Each structure stands twice: as C-alpha cells, then as structure tokens.
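Novice: Here it is: the structure, laid out below.
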Amino acid sequence: MTDVTNGVLHTLFHSDQGGHEQVVICQDPASGLKAVIALHSTALGPALGGTRFYPYASEQEAVADALRLSRGMSYKNALAGLGHGGGKAVIIGDPDRIKTDELLLAYGRFVASLGGRYVTACDVGTYVADMDVVARECRWTTGRSPENGGAGDSSVLTAFGVFQGMRASAQHLWGDPTLRGRKVGVAGVGKVGHHLVRHLLDDGAEVVVTDVREESVRRVTDLHPEVSVAAGTDALIRTEGLDIYAPCALGGALDDTTVPVLTARVVCGAANNQLAHPGVEKDLADRSILYAPDYVVNAGGVIQVADELHGFDFDRCKAKAARIFDTTLAIFARAKSDGIPPAAAADRIAEQRMADARRG
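Here the sequence shown stands for residues 2 to 361, numbered as in my numbering.
Set out below in structure tokens:
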C-alpha cells in the first residue's frame, strides 16, 4: 500500500486535482468490502455523491477514481444550485461476483461513521435495491426505492437534464433549441442512455447508438426500430453527418485519439469525467466543437436524490432539471465573454459559488 498511499498524498497535497477535505479507506474482511470514500468539499453543505462498484485493475486506480469523481461532484452540485458539497465512494470488485447484503451493510456502517458529512446514492454498479440495503445501516442514504421512502431510479431525470443541455447547445450553435433533423450518436444506452434516446426521438432527431452490451442495444432497437446501430464507439464518432455526440458510458471518452476524428459539432452526454486529461477542452475548441460540460448537463440525477432527502416531489425535481437548459446557455455565454472553453467557464462559476460559501 506504500505506493498507493504516496500517490494519494501527492494528489491531495500537490496536484490541481487535489484539495480534498477527507479520504477514508474502508475494509471489512468478513464481507470482502474494500472501499474508498472521498469528500472533496462540504462548503455548500454535506457532500453528496454516488457509490461506484467496479472491478478496478488496482487499488491506486480506485483511489484516483474516487478523488476525481468526488471533485466533479463538488462542481456539479454547485452549478445545480444544491446545498451540497461533493463526495464519491468506490467499492473495489466485480459487483456480479462479490456484491452481497453483508458487504453493502458493512459499507453502510462506514458511511454512517462519517456522521452525515457524506450522503451516498447510486452510481455505476449500484442500484436502488442496493441503496435500500445500505440504508438499513445508514440514514444518510438516498436513491432508495419508493417502497422504502425514496424516489427510485434517478436515471430518468439524468437523461432529461442531458436532453436540456443538448437543446441549449442547439440554441447556442444553430439558433434553435430543437433537435429535429439533427443526427445524434449515443455511446452507451444503459441506465441513462436508453431514456435519452426516447427524448431525442420524440423531438424528431435521427439517432445512432452503440453499447458494449448487445442486450442494451437490443432493448433500444426493439422499442425503437428506427434507431441505427454503429459497430462500436470508434465507428460512431466517425459517422458522417453526425451533429451531436453523446458519451453516456464511463469517463475518458474525449482524448487525444478520439477528438481529432470526431465528426460531431457538439459533445453533450451523461458520462462523468469525459475529458481524459487537462487540455482536451482546448483541443475541442480548436476544432470548433462545442462541449457542454458533463457535470452540468448530467445533474438531473443528483437533483433528484438531493430532493429525496426533503420529501421527494417529481414535478419539483423536473422543474429544477429543466433549468439545466438556462445554466448551459449561461456557461456558453461566459465562455464567449471570457474567451475560454465552456469547461473552464463552468469551473469558474462553480468555484466562485464555493468560495462565496466559504467566506459566508
């Protein structure tokens, strides 16, 4: 663990990606739990963010992901106008092989030990049923089932928010917020992506999809036979006439390999941490590709799980998620006035809100 610890300390204390308030390493040998809980900021309130359950190649990779994701949640929650800071947890392992109630209960006890500084929810590899189990040991759990006092699946409003971000992108670039007649490529049609496809089709878009899971693609094409299928992400991003590319799977979709061959004029998707490294946002701008910052447009889900803590109301949440359209437009305007990429403009607005909260 020495190399892992040194890597964590370097990131926390000497990196632009650091600045975290607290990182907790959790282990329960009896259940096989190995987890990392990272709290980036509580300036705006208790840190809120999901629990990712994933078979990381190494502990170092898991810690790095927790740090990166929790930092992103601080910015997401700030721009969504929520009274929450940013946090994230990762559980190391293949959920299909090691996920048990005992493991989730042990995880819940670790979250509870933070005394409300961190509120957990679903993410990749965890579901509403899992949060119901975690909540048996931890009252700071959201994203639960309606039968257990929760709001249920947050992917519905996540997709709705991404759709609002696309509408704002179309308004900014083409002067009209409709996607009618636009060709949109969706990479990843799982929990969020398949809902997004429906919004796009209802608005009159032409949709092309891809996913590593054949069953996910089949679910979409069975419901919507008019949808086209690309052989893979590499084929999708090279699709002729593509107007919008929507990465909706794991992060790092925009890198030195993909950006130069993108045919789309807009990137707007649900995946977290789409920019593989600093500088990619400038590469996009240099190619005149409009980037709608991921943590802005995919905030519908966190808006829902935050609302659940105060008594869930779907219509109230949907109205808040609809404001993603205005927030995205404001970011594009700030980027233009400051002469910077939209990702940098979004960061500036979020950082200002957190700084104001600390001073207050």
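Heads up, the beta-carbon is just placed ideally off N, CA and C, and yes, glycines get one too.
For clarity, every value in this text was computed on a predicted model and none was experimentally measured.
Any idea what DSSP makes of residue 100, helix, strand or coil?
Specialist: Within the sequence shown, residue 100 is the residue found at index 99, counting from 1. Three-state result, residue 100: coil.
Novice: In whole angstroms, what is the alpha-carbon distance linking residue 199 and residue 312?
Specialist: Against the sequence shown, residue 199 aligns to sequence position 198. Against the sequence shown, residue 312 aligns to sequence position 311. Residue 199 and residue 312: Cα-Cα distance of roughly 28 Å.
Novice: What separation, rounded to the nearest whole angstrom, lies between the Cα atoms of residue 211 and residue 155?
Specialist: On the sequence shown, residue 211 is found 210 positions in, with the first residue counted as 1. On the sequence shown, residue 155 is found 154 positions in, with the first residue counted as 1. The straight-line gap from Cα to Cα measures roughly 22 Å.
Novice: What residue range is occupied by the uninterrupted beta strand (DSSP E) comprising residue 248?
Specialist: The sequence position of residue 248 within the sequence shown is 247, counting from 1. Segment 245-248, the beta strand (DSSP E) holding residue 248.
Novice: Within the continuous alpha helix (DSSP H) that includes residue 71, where are the two ends?
Specialist: As a working mapping, residue 71 is identified with position 70 in the sequence shown. Start and end: 60-80.
Novice: From what residue to what residue does the alpha helix (DSSP H) around residue 202 run?
Specialist: Position 201 of the sequence shown, counting from 1, holds the residue named residue 202. Note, residue 202: alpha helix (DSSP H), 194-203.
Novice: Do three or more CB pairs link the stretch 291-303 to the stretch 264-281 at distances below 8 Å?
Specialist: Yes, the stretch 291-303 is in contact with the stretch 264-281.
Novice: Please report the residue range of the beta strand (DSSP E) in which residue 90 lies.
Specialist: Counting from one through the sequence shown, the residue named residue 90 turns up at place 89. Residue 90 -> beta strand (DSSP E) spans 86-93.
Novice: Once you ignore the five residues that flank residue 221 on each side, which residues in its own chain have a CB closer than 7 Å to its CB?
Specialist: Counting from 1 along the sequence shown, the entry for residue 221 is found at position 220. Excluding sequence neighbours, residue 221 sits near 190, 195, 198, 210, 228.
Novice: Considering just the uninterrupted stretch of the alpha helix (DSSP H) at residue 353, what are its terminal residues?
Specialist: Indexing the sequence shown from 1 puts residue 353 at position 352. It spans 343-360 - the alpha helix (DSSP H) in which residue 353 sits, taken as one unbroken run.
Novice: Just to confirm the assignment, what range does the alpha helix (DSSP H) spanning residue 172 have?
Specialist: Reading the sequence shown from its first residue, position 171 is the one you call residue 172. First-last of the alpha helix (DSSP H) with residue 172: 156-175.
Novice: Would residue 234 be called buried (16 or more neighbouring beta carbons within 10 Å of its own) or exposed?
Specialist: Mapped onto the sequence shown, residue 234 falls at position 233. Buried, because 16 or more other Cβ atoms sit within 10 Å of the Cβ of residue 234.
Novice: Indicate whether residue 110 and residue 47 have their beta-carbon atoms separated by less than 8 Å.
Specialist: The sequence position of residue 110 within the sequence shown is 109, counting from 1. The sequence position of residue 47 within the sequence shown is 46, counting from 1. Going by C-beta atoms, residue 110 is not nearer than 8 Å to residue 47.
Novice: Quick one: give me the first and last residue of the alpha helix (DSSP H) that residue 234 is part of.
Specialist: The count along the sequence shown starts at 1 and reaches residue 234 at position 233. It spans 234-238 - the alpha helix (DSSP H) in which residue 234 sits, taken as one unbroken run.
Novice: Once DSSP output is grouped into helix, strand and coil, what is the label at residue 288?
Specialist: Taking the sequence shown and counting its residues from 1, the one referred to as residue 288 is at position 287. Coil, per DSSP.
Novice: Where do the ends of the alpha helix (DSSP H) carrying residue 217 lie?
Specialist: On the sequence shown, residue 217 is found 216 positions in, with the first residue counted as 1. Taken as a continuous stretch (DSSP letters only), the alpha helix (DSSP H) holding residue 217 covers 215-224.
Novice: Who are the Cβ neighbours of residue 291 in its own chain at under 6 Å, not counting the five residues just before and after it?
Specialist: Translated into positions along the sequence shown, residue 291 becomes position 290. For residue 291, where only same-chain residues beyond five positions count, the Cβ hits under 6 Å are 170, 174, 267.
Novice: Tell me, please, which residues DSSP counts as bridged to residue 127.
Specialist: Translated into positions along the sequence shown, residue 127 becomes position 126. Beta-bridge pairing links residue 127 to no other residue.
Novice: Decide if residue 278 is buried, meaning its Cβ has at least 16 other Cβ atoms within 10 Å, or exposed.
Specialist: For this step, residue 278 is matched to residue 277 along the sequence shown. Residue 278 comes out exposed.
Novice: Quick check on the burial criterion: 16 or more other C-beta atoms within 10 angstroms. Buried or exposed for residue 21?
Specialist: To locate residue 21, count along the sequence shown from 1; it is residue 20. It counts as buried.
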